[in-house]
Structure formats: C-alpha cells, structure tokens
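Some notes on the structure that comes next.
Protein chains in written order, with our numbering: chain U, 10 to 247; chain F, 23 to 305; chain Z, 8 to 138.
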C-alpha cells in the first residue's frame with residue numbers, strides 16, 4: 010500500500026466483508042468488484058465491461074441479517090458491512106444451434122420448445138425472477154415461451170444481459186437466457202416491423218459515407234482517441 | 023363483471039387447441055356469459071404430482087389461484103380437462119390441508135397470502151347449467167348427426183374432483199341432446215386415451231385409440247366429441263394408425279355450429295368439414 | 008439403472024408408503040386394478056404383483072419391470088379398488104423414488120416430434136418421467 014491510499018483510508022469509513030470465508034476491510038461505497046480488487050484479487054475472467062451491460066461478473070452474496078442468498082452483478086452492487094460473497098465463474102449452459110431462416114413462427118407452433126424442451130419442466134417457482142440482477146420477469150417469459158408467445162418472450166426478456174444466474178438457480182434446469190435470446194432473434198427477424206433508420210444507415214455505410222472518418226480514427230494515436238471518446242457528444246440526427 | 027366468467031386457458035389453448043378456445047369464446051359470448059381471460063396465469067403442470075411431500079409441483083396451480091384472488095374472483099373456469107384436474111386437485115389439497123397451505127404461502131411470497139377460497143370449474147359444468155338457454159338458442163339443429171361423447175379420465179377421476187358420475191357420466195349426453203344430436207353410447211368413453219405417452223410411446227396410444235374409436239364406430243357414430251386438447255390430439259392424430267377416420271370435435275365446436283356461429287376448424291387432422299356438409303350442418 | 012445407489016439405505020416399502028400415504032398391507036391381491044387398467048397389456052407385470060414385490064422387499068423385481076412407467080395415472084384403479092387404496096399414488100411413489108435418484112425415464116432432448124405435439128403432452132410427460 011502506498012501513502013496516498015493510507016490517507017484516503019483515514020477519511021473513508023471501512024466495512025467488513027468476507028470473500029470465500031476470508032475477512033477483509035474495504036472502504037465503504039466501493040462496488041463488489043472494486044472491493045475485491047482493493048483486497049488484492051485480480052480479475053482475469055468473470056469481468057468485462059464494468060458498466061452493468063456484459064453480464065460477466067455474477068456474484069452471490071448473503072448479508073448478516075438475512076437467510077436468503079442474493080444474486081447480482083459485482084460491478085453494479087455496493088459492498089455492505091457484514092457481506093459474505095463469492096464471485097461465480099462462467100457457468101456452462103447448453104445453447105442450441107438453429108438456422109434463423111428455418112424457424113419461422115408462422116410455420117412452427119412450438120419452435121422455442123422444440124429447441125429448449127426443458128422449458129416444459131417449469132414449475133412456476135419464480136426462483137429465476139428472484140435471482141435476476143436486471144429485475145426481469147423471467148418466470149413470466151418462460152411461461153410465455155411455453156404457450157408459444159414469442160413476442161411476449163422477446164419483450165419481457167429485452168433487458169437480459171445473459172449473466173445466466175437464472176439458469177444456475179433453476180430447479181428445472183431451464184436455460185432461460187439462451188432460450189429468450191432465440192426468441193428475441195426470431196421476433197426481430199419475423200415479427201418486428203423493419204426500421205427505416207437502420208436501412209438508411211446501412212445504405213450510407215455501403216455508399217462509403219463514413220469511410221473517411223473511420224480511416225481517421227483507425228490511424229489516430231491512442232491518447233488522442235481516448236480524448237475524442239471522452240469528449241464525444243451523442244446528438245439526435247436532424 | 024357479473025355475467026362473465028374468469029377464464030384460465032392453459033398453454034395448449036393458445037397454440038394446438040386454438041379451435042377449442044375460439045369456439046368456446048364465441049359460444050359463451052353468444053349466450054351472454056362471456057369468458058374473460060385472467061390477467062396472469064401459469065402453466066398448471068398438466069399431470070398432478072401425487073406424492074405426499076411434493077409441494078413444489080403444486081406451486082404453479084396455486085400461483086394461478088392467487089391471480090384469481092387478486093382479480094377479486096371466486097371462480098375460475100377451465101376448458102382443458104387436464105388443467106381442470108390439476109388446478110382442482112392442487113386447490114383442494116390446499117383447502118383440506120392447512121399445513122400445506124402455510125408452506126405454500128411461505129414459499130410463494132405473494133402479498134396477500136392465498137386464502138384457499140377460489141373454486142375451480144370446468145366449462146362443461148357451466149354449459150350443463152345453461153342447457154335450456156342453449157336449446158333455446160339453437161338455430162341449426164344437429165338432427166342427423168350421430169355423436170359419441172368421450173370423457174376420458176381427468177373430468178371423472180379421482181373422486182374428489184369428479185364433475186359427474188365416475189363410471190356413468192351423462193353431462194355431455196345432456197348437452198348434446200339440447201343441440202338435437204343423436205347420442206351414441208360408447209362403453210369406452212371413460213377410458214384413458216393414452217395421455218402423455220403420446221410423447222415417447224405412441225404405440226401405446228395407438229392401441230388405446232383403436233379401442234376407443236372402434237367401439238364408437240361399431241355403435242354407429244359419425245364423430246366423437248370431447249373437451250380435452252390432449253384427448254383430441256390423441257384420438258384425432260393417432261387414428262392414422264387405424265382403419266378409421268372419425269372426426270373428433272370439441273364440444274364447443276358443435277354448440278357453435280348448432281347456434282349458427284361461424285367458427286374456424288384448423289387444429290383437426292381428420293377433416294371435419296365433409297361430414298358437416300354431408301349432414302347439411304355447414305354449407 | 009444403478010439399483011445399489013437407489014436402494015442401499017432405504018426401506019423400500021416404508022418409503023413407498025411414506026410418499027404415497029397409502030397402506031400397502033391393505034391390498035388383498037384381488038386384481039381389480041389390473042382388470043380395469045387400460046394399459047395392462049403393455050405392463051411387464053400386473054399392478055398387484057408390483058405391490059406384492061414391494062411388500063416382500065423385492066426392490067429389483069419392481070424396478071426392473073416397466074409397470075410404473077406404463078401407468079399413466081388415469082386413476083381407474085384408484086376409484087375401483089375395493090380396499091380404497093389409491094393405487095395411482097403408489098405408482099407415483101415408485102416413479103419418484105427412481106426420479107429422485109436422478110435417473111430419468113424420458114430423455115428431454117430426444118422428443119422427435121415436438122412441433123406436432125400439444126404442450127400439455129410434453130409438460131405431462133416430463134412431470135411423470137423426469138426428475
């Protein structure tokens with residue numbers, strides 16, 4: 010530890026956490042991820058965007074007062090005093106292969122069930138919904154999938170970031186998140202209205218409208234690129 | 023809504039048994055007692071779990087009971103026989119066993135708790151009550167049609183959920199009578215169609231279908247009528263393994279036809295239209 | 008099937024009675040269950056024979072035959088039993104003892120006509136044949 014850090018510590022309230030049973034004191038207000046790094050752990054896997062979008066940093070924890078296990082993303086959750094936690098590695102889960110051209114829901118009643126038959130084992134226990142860090146109604150979209158409602162499955166699961174916590178907890182071994190991704194892909198291909206904006210943008214790209222800018226960015230020095238990124242301003246097009 | 027019924031569809035009514043749902047909806051609308059689908063509902067599980075210690079497989083039906091309770095309704099109506107059986111058995115278990123209800127409520131985590139006050143009914147019960155109204159509303163009598171009712175298991179067994187005499191049911195006969203149809207007696211009408219064996223032992227189902235349909239044919243039936251999407255699938259689809267080609271109707275399809283309502287019949291494997299045209303029921 | 012794993016530590020008859028809530032010794036071997044069973048021709052041994060094996064503690068004889076898997080829980084035997092034994096529940100108990108040992112009867116990934124089947128058939132099959 011260097012001196013700067015010590016000075017910081019004096020101002021900071023510290024909290025006590027237990028990582029896989031080992032006790033650490035870390036500054037209050039850190040996320041679980043930064044707290045683990047503070048404690049000396051180094052992430053080589055199980056860490057991605059650090060912004061709550063990639064779903065790589067699933068964590069399981071319990072607090073002193075509560076008997077229930079809680080699930081969350083380590084990059085999005087602040088440490089609490091008396092937290093017992095562990096990071097989850099990437100969990101294996103079957104992901105079915107399919108050709109998007111051959112899964113037209115108009116022609117197949119049970120296309121989701123056909124690829125993910127274990128959906129039929131759902132007992133509506135709601136454990137998936139309770140474990141979702143994105144607050145998605147997972148059980149409801151599994152039920153929608155079972156009744157062949159692809160649109161509802163796609164809509165309800167839209168915020169899914171594929172962290173897989175639902176399927177780890179599922180007593181029926183359903184792979185909710187992979188199944189829902191299939192539903193969203195089918196929905197966007199066959200049912201969602203086409204976007205005029207997207208077609209326009211693809212045409213612009215094909216016509217080379219952005220070639221010059223891309224070339225410029227590709228050849229830019231890293232420092233300059235970072236500066237441009239930090240200063241970027243997203244404006245709505247005319 | 024005083025004059026409507028809270029309707030629990032079950033998963034199959036939204037895909038493979040759309041004909042059943044749409045004909046039932048039209049009939050009940052016509053009779054002035056529409057079916058209104060529940061705001062939320064969950065797949066019942068299709069087969070009741072029968073072990074004493076198993077609460078987990080009662081969760082889905084009771085969650086649905088909670089939804090009915092939340093909508094302020096005391097009565098839920100199903101069309102599917104399997105849904106009826108599972109919802110009713112699970113619900114009765116909660117009514118009869120306070121400990122199970124407490125365990126269930128602890129796990130469900132719904133607010134408020136399920137009180138155990140909701141009642142599960144099958145549409146046939148409602149239709150029987152409305153027999154006279156149906157008779158009055160018939161515009162297209164099914165006079166020439168010889169129909170063999172088929173009940174299967176789930177409406178009649180076990181005893182505590184039976185909606186009619188377990189060994190000698192009469193409900194469908196009475197309802198069909200009010201449509202003007204000729205009722206054919208089929209001694210096999212309460213025997214199992216083979217149920218879920220259709221998934222991986224279709225040979226078993228084929229034997230059951232052969233047995234059930236051959237009796238109906240020998241008694242002179244033009245068609246079979248029933249009220250369960252799985253029985254309908256088994257008797258309709260698996261007849262291809264037999265020498266028979268007897269159309270298999272949902273009872274609401276026949277009522278709709280007798281009331282002169284226009285219905286779609288897309289879920290049938292064996293063509294039902296030729297028979298209806300031949301008998302002058304459908305043009 | 009790993010019978011040893013399944014039967015090593017349990018008294019089979021007790022377990023069946025506990026799970027089913029039924030009394031096996033009430034059975035008088037009259038055969039009414041088999042007589043009314045619509046599936047009996049596909050069963051390796053008759054239902055009342057299954058009870059006999061359970062009572063005698065002959066677990067292998069129960070588990071090596073297909074009777075409990077052919078039973079589709081149609082409850083015909085249950086409503087007809089002169090001794091009021093809910094036989095469907097006993098068959099369920101035997102199925103559950105196997106399924107709870109993590110031995111599935113149905114292969115979820117091997118349903119070959121999923122597109123054709125109504126959902127309730129699949130749900131029902133998985134309920135009865137997977138654990």
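Backbone N, C-alpha and C define an ideal beta-carbon position, used for all residues, glycine too.
Just so you know, these numbers come straight off a predicted model, no measurement behind them.
- Residue 168 (chain F) sits in a strand when the DSSP states are folded into three classes.
- In the displayed model, residue 293 (chain F) falls within coil according to three-state DSSP, outside both helix and strand.
- Here residue 186 (chain F) is buried: its Cβ has 16 or more other Cβ atoms, across all protein chains shown, within 10 Å.
- Interface annotation, residue 138 (chain F): not in contact with chain U, CB-CB separation never under 8 Å.
- For chain F, the residues of the region 115-137 of chain U that bring a beta carbon within less than 9 Å of one of its beta carbons are 118, 119, 129, 131, 132, 133, 134, 135, in chain order.
- Pairing residue 172 (chain F) with residue 193 (chain F), the inter-Cα distance amounts to about 11 Å.
- Under the DSSP assignment, residue 229 (chain F) falls in the alpha helix (DSSP H) whose first and last residues are 224-240.
- For the region 41-127 of chain F, the continuous beta strand (DSSP E) assignments of 3+ residues that do not extend past its boundaries occur at 57-59, 97-100, in sequence order.
- Per DSSP, residue 77 (chain Z) is one residue of the alpha helix (DSSP H) stretching across 74-77.
- When DSSP states are grouped into helix, strand and coil, residue 264 (chain F) belongs to the coil group.
- Burial state of residue 46 (chain Z) is buried, judged by a 10 Å Cβ sphere holding 16 or more other Cβ atoms.
- In the same chain as residue 22 (chain U), and ignoring 5 residues on each side of it, the C-beta atoms closer than 6 Å to its own belong to 37, in chain order.
- In the DSSP annotation of this structure, the continuous segment of the beta strand (DSSP E) that includes residue 25 (chain U) starts and ends at 23-28.
- Here residue 122 (chain Z) has no same chain residue with a Cβ atom under 6 Å from its own Cβ, once five neighbours each way along the sequence are excluded.
- Interface flag for residue 83 (chain Z) against chain F is set, since a Cβ pair is found closer than 8 Å.
- Using a Cβ-Cβ cut-off of 8 Å, residue 122 (chain Z) does not count as an interface residue toward chain F, since no Cβ of chain F sits closer than that to its own.
- Around the Cβ of residue 244 (chain U), a 10 Å sphere holds fewer than 16 other Cβ atoms; the residue is exposed.
- Residue contact with chain Z for residue 213 (chain F): present (Cβ-Cβ distance below 8 Å to some residue of chain Z).
- The region 116-129 of chain F and the region 219-229 of chain U do not touch, with fewer than three beta-carbon pairs separated by less than 8 Å.
- Nearest Cα to residue 74 (chain Z) within the set Z:49, Z:117, Z:135: Z:49.
- For residue 81 (chain U), the uninterrupted beta strand (DSSP E) segment begins and ends at 79-82.
- Our two residues, residue 193 (chain U) and residue 163 (chain U), have alpha carbons roughly 4 Å apart in a direct line.
- Shown here, residue 87 (chain Z) sits in a helix according to DSSP, grouped into three states.
- Interface annotation, residue 155 (chain U): in contact with chain Z, CB-CB separation under 8 Å.
- Comparing alpha carbon positions, the residue from U:110, U:182, U:96, U:109 closest to residue 130 (chain U) is U:182.
- Residues of chain F with a Cβ closer than 7 Å to the Cβ of residue 152 (chain U) are, in chain order, 64, 65.
- Assigned with DSSP and collapsed to three states, residue 102 (chain U) falls in coil, not helix or strand.
- Excluding residues up to 5 positions away in sequence, 138 lie with their Cβ nearer than 7 Å to the Cβ of residue 109 (chain Z) in the same chain.
- Residue 59 (chain Z) carries a helical assignment under DSSP once its states are collapsed to helix, strand and coil.
- The beta carbons of residue 98 (chain F) and residue 148 (chain F) sit about 12 Å from each other, so the pair does not count as a contact at 8 Å.
- Where residue 255 (chain F) is concerned, the enclosing alpha helix (DSSP H) starts and stops at 251-259.
- For residue 297 (chain F), the CB contacts under 7 Å within the same chain, skipping 5 residues up- and downstream, are 244, 245, 269 in chain order.
- Against chain U, the CB of residue 119 (chain Z) has no partner CB under 8 Å away; the residue lies outside that interface.
- Look at residue 144 (chain U): its C-beta is not under 8 Å from any C-beta on chain F.
- Linking residue 22 (chain Z) to residue 30 (chain Z) through their CA atoms gives a straight-line distance of about 11 Å.
- Of the residues F:36, F:140, F:203, the one whose Cα lies closest to the Cα of residue 95 (chain F) is F:140.
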